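Participant: For what it's worth, the working numbering labels the leading residue of the sequence shown as 49, then goes sequentially. Note that the Cβ used here is the ideal one computed from N, Cα and C, for glycine as well. Quick caveat, the model's predicted, so the values are computed rather than measured.
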Amino acid sequence: MMLWRPRLSNIETSAQMDNIQHWPSPSQALGVEARRGAHRVEALMERPHRGGGWLLSGIVCINILILGCTLVSGSAFHSVAITDVHRQIFLIILLLLTILWMLFYMRVTSQKDPNGVFKDSHAGPVWLRGGLLLFGLLSLLMDIFKIGASVGYLQCDSVVKVAFPVVQAAFLFVQTYFLWCHAKDCVQRHTNFTRCGLTLTLSTNLVVWMAAVTEESVHQMEISDLNVDVFRALFDDRRCNCSHSVCETFKEAFYYLYPFNIEYSLFASAVTYVMWTNVGRPAEAPSSPQSVKFSLKDVCLGSVTGTLLVVAGLVTFVVYKVDILTEDEKNRNEALLIHFITNAVIVSLMCLSTAIGCVVYRLDRREHVSAKNPTRSLDARLLLAASLGQFLISYFTVVAVAATGGGGHLDALNLSWAVLTVLQLGLQNYFIVEGLYREPFHVTQAGAPHDAHAHACREHPEVTMAQEGPKSKCSVTSSRDKPSWKRRVLKEVCAFLLFANIILWIMPAFGARPQFDHPIEIKFYKFSLWATIVNIGLPFGIFYRMHSVASLFEVYLNT
C-alpha cells in the first residue's frame, strides 16, 4: 500500500536544498563550540585578574587615607597623645615608599616593556603639567625655608622636623619629573603593581594635602589669638628658642607659601588619577591631526572686556592687599568694600555672559560627540568636583549672613557675592560641559544621513557639504569671510569667561582672604570651624578656576 505524498514545487525544493547546504557539519559545529568555550574561559580568567588589581589598589588607597587622616587630625589636638613628630614620621615613610616606586617605574616598568609604552594624547595637558611645575617650584622653596627654620630649633627639638622637609623636597623633585615625563603613559606591563603604586602616590599626595591644610589652620588660629590652647603650634617658642636670628622670617615665608603647596598636591593627585585610569588601556587608533590654531581674529568684545576686567581686578587687588594690613579700621573696611564690589561685578558679568552662551547652545544644531573619550569625561568630573569647594564656602557664608541678619553694607555685599557665585558656578559648569561634548566645528563629520548634514551646513554658512557615495561630509572652508553669528557669540563668551576666571584665580592664589578679614563668619561659626572650611574649600576653588581656564580654551578651539 502506497502512501500519498504531496508533490513539492521547484521553489520549495531549492529552498530545502539551500537549508541543507547551510547546515554546519558535526566537525564544524564542534569547532565553533570549542572556540566559544575557549573565549568564555579566557574572559573568566581575565575578569578576576583585572578586578583583583583594581580592588587591591583601591584597598591600598583607602587604608592609607584613613590612617593618614587619623594621624593628621589627631596631631592637632592636645587631648590626643599624637605629636607632630609621629605625624611627620608617618609622612616620611609614605614619601620614601612613593619615591622608591617612582624610581622603579622609570627604571624598569617604562623601559623594559617589550611592546613599548602606549600614550594617551589627551592626558596630561600642558596647562596641568605647567601648573604642577610652577607650584612644585614654590613648594620646593617652602621646604627650603622650613629647613632653615627647623635647623634653628635642633638643640631642643626633634631631628625629624628637619628630616621631613628634606625628604619632602626630594619627593617634590622626583614626582614632578615623573609626572612631567610619564603623565600620558598607558602601562601594559606590571599592571597590578603599577595600579597599587599609583594609588600609593595618589593617597600620599592627599595625606600631604591634609597635613598642609591642618598646619595652615593652626597657624591662622595662632595669629587670631582664638582657641590657641586647643591647638599645638608647629614650634613652641616658650620652651624652645631659635639659635639664629632669621627663624621668624623663615617661618612667615614658608607659611605664606603653604597655599601653593596645597595646590601642588591637588594637581599631582589629578595627574596621578589620570595615569591610574589609563593602566592597561589599549592603544588608540591613530587619528588624523586637526590643524586648529588659537586666534582672536573674530573676537573683539569678549577679549577686550575680559582684559579690562583683569586689569581692574589687579588694581583693586593691590589696593586691597595694602589697605587690609593697616591698623586703621576705616581703611580696612574700605579695602573690603572695594574687594566685595569688584568680585560681585565680575561674577555678575560672568552670569550674564554664561546665560547668553547657554541660550545659544539651545539654538545650536551641533550634535553631541558620541565617541568615548576618558580624558574628556575626567575633565568634566574634575570640573564638577572642584567646584564643590567654592560651593561650600558660598553656602556657609549665605547661612551665616542670613542667620545673623547682618544689616551693614559689607554684609549685604558679602551675601550678594556668595549668592551670585553659586549661580555663576552652576551656569559655567553647564556651559563648559556642554561645550566639551558638542561636535567641534572644525571636525569633518562623516557617516551621518544626508539630510542631517544638509541642515547643519545651512545653519553655519562657513561649513560646506560634499557628497561621497552614500555618505556626506561637512567641512570648514576658508573661503567664507566670517563665521555664523552663533559661533561668534560662543567665541565671545568663551574669551570673556577665560579672562574672568584668570583674575578670579589670581586674587585668592596670591593671598586675598576676605573670609578672615570680614568677621561675620568667624563670629557665627567660631574660628576653628570656619578656618577648616576655608582651608579645605579655597584650594579646590583655586584649582577650579585654573581648570576652567583650560576647559574654556578647549571649548573656544572647538567652537
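1) Could you tell me the alpha carbon to alpha carbon distance between Val541 and Ile386, rounded to whole angstroms?
2) Quick one: what's Cys234 bridged to in DSSP?
3) Among His238, Ala318, Pro307, which one has its Cα closest to the Cα of Ser265?
4) Within 10 Å of its beta-carbon, does His595 have 16 or more other beta-carbons around it, so buried, or fewer, so exposed?
5) If you draw a straight line from the alpha carbon of Leu600 to that of Val370, how long is it in whole angstroms?
6) Label Arg429 either buried or exposed according to how many other C-beta atoms from any shown protein chain fall within 10 Å of its C-beta, with 16 as the threshold for buried.
7) Against chain B, with Cβ distances strictly below 9 Å, would Leu144 count as a contact?
8) Is DSSP giving Arg535 helix, strand or coil here?
9) What residue ranges within the region 430 to 490 form continuous alpha helix (DSSP H) runs of no fewer than 4 residues, ordered along the chain?
10) Using a Cβ-Cβ cut-off of 6 Å (strictly less than) and excluding sequence neighbours within five positions of Ser464, which residues of its own chain qualify?
11) Report the residue ranges of all alpha helix (DSSP H) runs contained in full by the region 345 to 418; include only those spanning at least 4 residues, in chain order.
12) Given a cut-off of 9 Å, decide if Ile568 and Val408 are closer than it, judged by their beta-carbon atoms.
13) For Phe544, does the count of other Cβ atoms within 10 angstroms reach 16, so buried, or fall short, so exposed?
14) Taking the C-alpha atoms as reference points, what is the distance between Leu384 and Glu377?
15) Is Phe226 near Phe298, with beta carbons less than 9 Å apart?
16) Buried or exposed for Gln159, going by 16 or more other Cβ atoms inside 10 Å?
17) I'd like to check one pair, Phe183 with Glu311: are the Cβ atoms closer than 9 Å?
18) Would you be able to state if there are at least three C-beta pairs under 8 Å between the region 140 to 155 and the region 219 to 239?
19) In the region 181 to 237, which residue ranges form an unbroken alpha helix (DSSP H) of at least 4 residues, counting only runs that do not cross its ends?
20) Determine the burial state of Phe588: buried for a count of at least 16 other Cβ atoms within 10 Å of its Cβ, exposed for fewer.
21) Let's test the definition: count the other Cβ atoms within 10 Å of the Cβ of Tyr604 and tell me whether it reaches 16, buried, or not, exposed.
22) What separation, rounded to the nearest whole angstrom, lies between the Cα atoms of His416 and Thr607?
23) What does the alpha-carbon distance come out to for the pair Trp533 and Ser401?
24) If you follow the alpha helix (DSSP H) that Thr325 is in, where does it begin and where does it stop?
25) Just the C-alpha distance for Val352 and Leu397, rounded to the nearest angstrom, thanks.
26) Report the three-state DSSP secondary structure of Pro562 (helix, strand or coil).
27) In terms of alpha-carbon separation, which member of Glu263, Gly453, Asn549, Leu349 lies closest to Ser576?
28) From this set, Ile141, Leu103, Leu552, Gly179, which residue's C-alpha is nearest Pro360's C-alpha?
29) Note down the Cα distance separating Ile195 from Thr157, rounded to an integer number of angstroms.
30) Where does Ser121 sit, in a helix, a strand or coil, going by DSSP?
31) Would you call Lys571 buried or exposed, if buried means 16 or more other Cβ atoms sit within 10 Å of its Cβ?
32) Going by C-alpha distance, which of Ala557, Tyr368, Val207, Leu185 is nearest Val133?
33) Among the residues of its own chain, which have a CB less than 6 Å from the CB of Leu246, if the five just before and after it don't count?
34) Taking the alpha-carbon of Gly585 as reference, which of Trp257, Gly122, Val395 has the nearest alpha-carbon?
Facilitator: This is what the structure gives:
1) Approximately 26 Å between the Cα atoms of the pair.
2) DSSP output for Cys234 lists Phe166 as bridge partner(s).
3) Looking from the CA of Ser265, the closest CA among His238, Ala318, Pro307 belongs to Pro307.
4) Flag for His595 reads buried.
5) In a straight line, the C-alpha of Leu600 is about 32 Å away from that of Val370.
6) The residue in question, Arg429, is exposed, as its Cβ has fewer than 16 Cβ neighbours within 10 Å.
7) The structure shown contains no chain B; it holds only a single protein chain.
8) Note: Arg535 maps to helix in three-state DSSP.
9) List check, alpha helix (DSSP H) in window: 457 to 484.
10) Take Ser464, set aside five residues on each side of it, and the residues of its chain with a beta-carbon closer than 6 Å to its own are Ala392, in chain order.
11) Taking 4 residues as the minimum length, the alpha helix (DSSP H) runs contained wholly in the region 345 to 418 are 349 to 371, 377 to 411, in order along the chain.
12) Contact annotation: Val408 and Ile568 have beta-carbon atoms that are not nearer than 9 Å.
13) Flag for Phe544 reads buried.
14) If you draw a straight line from the Cα of Leu384 to the Cα of Glu377, it comes to about 11 Å.
15) No.
16) Exposed, by the Cβ-count rule.
17) Glu311 places its beta carbon less than 9 Å from that of Phe183.
18) Judged by pairs of C-beta atoms under 8 Å, the region 219 to 239 touches the region 140 to 155, as three or more such pairs exist.
19) For the region 181 to 237, the full-length alpha helix (DSSP H) segments reaching 4 residues or more read 208 to 230 along the chain.
20) Per the 10 Å Cβ criterion, buried.
21) Answer is buried; the Cβ neighbour count reaches 16.
22) Take the alpha-carbon of His416 and the one of Thr607: they are about 13 Å apart.
23) The straight-line gap from Cα to Cα measures roughly 15 Å.
24) For Thr325, the enclosing alpha helix (DSSP H) stretches over residues 306 to 326.
25) Looking at the backbone, the Cα of Val352 and that of Leu397 are separated by about 14 Å.
26) Three-state result, Pro562: helix.
27) By alpha-carbon distance to Ser576, the top candidate from Glu263, Gly453, Asn549, Leu349 is Glu263.
28) The sequence shown places Ala at residue 360, rather than the Pro named in the question. Comparing Cα positions, the closest option is Leu552.
29) The alpha-carbon atoms of Ile195 and Thr157 are separated by roughly 34 Å.
30) Three-state DSSP puts Ser121 in a helix.
31) The residue in question, Lys571, is exposed, as its Cβ has fewer than 16 Cβ neighbours within 10 Å.
32) Nearest in C-alpha terms to Val133, of all of Ala557, Tyr368, Val207, Leu185, is Val207.
33) Cβ neighbours of Leu246 beyond the five flanking positions: Thr320, Met323, Trp324.
34) Gly585 has its Cα closest to that of Trp257, out of Trp257, Gly122, Val395.
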